[in-house]
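Everything below concerns the one structure shown next.
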Amino acid sequence: MDEADLTEGDFSECDFRRASMVEADLMKSAFDGADFRGADLRKARCNLSNFRNCKLKGADLRGIRGKYAIWQGSDWWNAILNEDLEKALAKKWPRPSNHSDSS
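Below, the structure is given as structure tokens:
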């Protein structure tokens with residue numbers, strides 16, 4: 577799925593475990609409840625997308641454009657991130673104090 581155009585789609589509850597989505601265009605799409613564990617999303621375009629309650633453990637999110645996406649309830653801290661994205665997500669979607677790393 578590298579470089580795929582998945583703009584403005586509804587992919588809620590989909591299973592993307594270990595998927596390769598390098599440089600995919602995911603803008604303005606819904607991924608609520610999707611499973612991205614182990615997926616490669618390097619340099620994907622994710623702005624204005626919804627990633628509510630997603631499983632992200634081990635997902636590679638380095639270089640994505642996604643600080644304007646909605647990450648509410650997702651375990652973004654279990655993903656591989658660039659420092660600037662990590663800071664932006666920590667500020668807007670803080671890691672809960674009672675989180676569980678088991679996914």
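Residue 577 is where the sequence shown starts when you use this note's numbering, and the numbers rise one by one after that. The beta carbon of each residue, even a glycine, is placed where N, CA and C say it ideally should be.
If I follow the unbroken alpha helix (DSSP H) through residue i, where does it start and stop?
i	result
Ala645	Ala645 -> no alpha helix (DSSP H), and no H or E assigned at all.
Glu589	Here Glu589 belongs to no alpha helix (DSSP H), and DSSP marks it neither H nor E.
Is DSSP giving residue i helix, strand or coil here?
i	result
Asn654	helix
Asp616	strand
Ala664	helix
Ser679	No answer about Ser679 holds up, because its pLDDT of 49 lies below 50 and its placement is not dependable.
Do residue i and residue j have their C-beta atoms within less than 9 Å of each other?
i	j	result
Arg638	Arg613	no
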